[in-house]
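Worksheet: one structure, shown below.
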Amino acid sequence: MKLYNTLTRKKEEFVPLVEGQVRMYTCGPTVYNYIHVGNARPMVVFDTLRRYFIYRGYDVKYVVNFTDIDDKIINRANEENTSYKEIAEKYIEAFLEDAKGLNLLEEKTIHPRATEFIKPMIDFIQRLIDIGAAYNADGNVYFNIEAAENYGKLSKKNIEELISGARVEVSEEKRNPMDFALWKKAKEGEPCWESPWGKGRPGWHIECSVMARTLLGDTIDIHAGGEDLQFPHHENEIAQSETLTGKPFARYWLHNAMINVDNQKMSKSLGNFLLVRDIKKEFDLEVLRFFLLSAHYRTPMNFTRDIMKQMEKGLERLYNGKKNLEYLLDKTEDRPLNEEEEKHLEEIEKYKQDFIDSMDDDINTADAIASMFELVKYTNSNLNEKSSKALVSKAYQILMELANVLGILYKKDEILEEEILELIEKRTEARKNKNYKLADEIRDKLREKGIILEDTPEGVKWRRI
RNA sequence: GGCGGCAUAGCCAAGUGGUAAGGCAGAGGUCUGCAAAACCUCUAUCCCCAGUUCGAAUCUGGGUGCCGCCUCCA
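In the numbering used here, the protein residues as written are 322 to 786.
Below is the structure:
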């Protein structure tokens, strides 16, 4: 499969460091607030990549960190008059809840917290000092970017220009204006840890470097995140890690594009952060997941209510295809495929191959989804009650395995309550007696309860909205 | 100023040299008591200009218009 590597700005054939294994790290949230739709994109996109790796038989080790100590968390704690720990705890819990709604494969995700890795961070920093790549300035420890080879290679930045751009914070402590903090000296009343340089806490960039290295090794296969993290965050991770180990830090860097809301950038000044849990009030989060996969991950997206409505309809179409197959599974008889059915199976396998080809091409989920629509159209048109159950079963299995790669179509029908079954029975009776008024009344009543009835030649079918 | 991205039908969105996937919406039809679902049919020459080529939405150059990063915001 090919992946677009930000480091080389090219699509490259993916070859893992160790055959059959993928070690992947995605920058996770700083837990000072609920996650918004922009945070959700890398979570969903790279979760899908991980699912695809699993589908292709790789053994995947997947890490998404929680930054649980940081200025923003401390500020938040002060605002709410509580501790940074409680803030972190609260929003980690909220994240996990949203993650569940987004159907992220949480049970297979390793979630390290920065504060659990203070010791290795201190060791890491000390080592950088030892080799002259970092220096202690009155309790603050900075990384000396001149010690790094090719600083700026990921974001293609030129150091002199960055400095002359004068947008960097000027600090008398720093030897070079571009040097960045590895360890921050504690201010009065701030949470802190003991270190060889006094009380303080780690800087942001060092967290990811240390957690990735501790959990995944010196060189990881894939490092992913939003494209806004390219600089300075990822650039600094590379500088620290590669200076320390002398090895490549990550072999493939993947970055997703940003999301606008109603054609506007989400920003603090506009106060237009759209939280995942706000979206949940109007849409099932599966629709959000489907939306996030409806465009290629490196294409900027725009989030609007209307587009979500469209996505909801599209997803419903796939669910109907699934339901139709489930219905046939129940109605068809087991027998060997005839010649015509063998051809159907070949066609169905072809759609599956199209799906795989699309995913192989830098996770082209938009194209992969199109293959699913085509598959559904094909089975809707060509399979019926007279088909062989073996064929129906195979088609269903393929549809579901593709859906599982994208993390969609996972909702199962619940068993209907006795009371509702009785109503359906009553309506069928009414229809038999051509009492359509009563029949329609019952249908409307059930619709209010979120149950859609469909009269088909084979009898009444129902589904949830 | 530096780096980068995007511009395809009413809307969303694939397609990176051979004569425009898919979805939503819309129109007509089949089926149906009516609906729903499903199926069939219909709806674009790809921002503009020039060039390369037998041939370009796809490559090159120049415009125009959006946008992102360069401020610990995914």
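The beta carbon of each residue, even a glycine, is placed where N, CA and C say it ideally should be.
Since the model is a prediction, treat every value here as computed from it, not as a measurement.
Residue from V582, N623, I763 and D734 whose Cα sits closest to the Cα of R748: Comparing Cα-Cα distances from R748 to each of V582, N623, I763 and D734, the minimum goes to I763.
Start-to-end residues for the alpha helix (DSSP H) that takes in M790: Examination of residue 790 is not possible in this model, given that the chain is present from 322 through 786 alone.
Within 10 angstroms of its Cβ, does D391 collect 16 or more other Cβ (buried), or is it exposed? By the neighbour-count criterion, in which 16 or more other beta carbons inside 10 Å mark a residue as buried, D391 falls on the buried side.
Residues sharing a beta bridge with P441, DSSP: By DSSP's assignment, P441 forms no beta bridge with any residue.
Less than 7 angstroms between the beta carbons of N557 and H526, yes or no? yes
Return the CA-CA distance between G341 and L723, expressed in angstroms with no decimal places. 21 angstroms
Identity of the residue in T327, A469, G780 and I773 nearest E548 by Cα: T327
Just to confirm my understanding: we take A458, look at its own chain, exclude 5 residues before and 5 after, and list those with CB closer than 6 angstroms. What are they? Correct list, in chain order: E494.
By the three-class DSSP mapping on this structure, what secondary structure does F676 have? helix
Could you tell me which uninterrupted beta strand (DSSP E) segments, each at least 3 residues in length, are contained entirely in the segment 485-528, listed from first to last along the chain? 501-506 and 521-523
Exposed or buried, which one is N809 when buried takes at least 16 other CB atoms within 10 Å? An answer regarding residue 809 cannot be provided, because it is not within the stretch 322 to 786 covered by the chain.
Return the chain-ordered list of same chain residues with a C-beta closer than 6 angstroms to the C-beta of E563, the five sequence neighbours on each side being excluded. F570
Excluding the five sequence neighbours on either side, which residues of its own chain have a C-beta within less than 7 angstroms of the C-beta of T535, listed in chain order? F438 and P441
So Q631 is in the alpha helix (DSSP H); what residue range does that whole segment cover? R626 to K652
Leaving aside the five residues before and after R372 along the sequence, list all residues of the same chain whose C-beta is less than 8 angstroms from its C-beta, in chain order. Result list for R372: L426, N725, V726, L727 and G728, in chain order.
Tell me the DSSP secondary structure of S615 in three-state form. Here S615 sits in coil by DSSP.
How do the segment 339-353 and the segment 379-387 stand: do at least 3 beta-carbon pairs fall below 8 angstroms, yes or no? Yes, they touch.
Neighbourhood of L720 by C-beta, 8 angstroms cutoff - its chain only, sequence neighbours within 5 removed: G642, K643, L646, M693, L696, V697, T700 and L730
Quick one: residues in its chain with C-beta nearer than 6 angstroms to the C-beta of W783, no 5 flanking neighbours on either side, listed in chain order? I772 and L774
For G546, the three-state DSSP class (helix, strand or coil): DSSP places G546 in strand when its eight states are reduced to three.
Tell me the rounded alpha-carbon separation between M587 and K715. 44 angstroms
Comparing C-alpha positions only, which one of R768, H432 and K652 sits nearest to L712? It is K652.
Boundaries of the beta strand (DSSP E) in which L279 is found, first to last residue: The question about residue 279 has no answer, for the chain in this structure spans 322 to 786.
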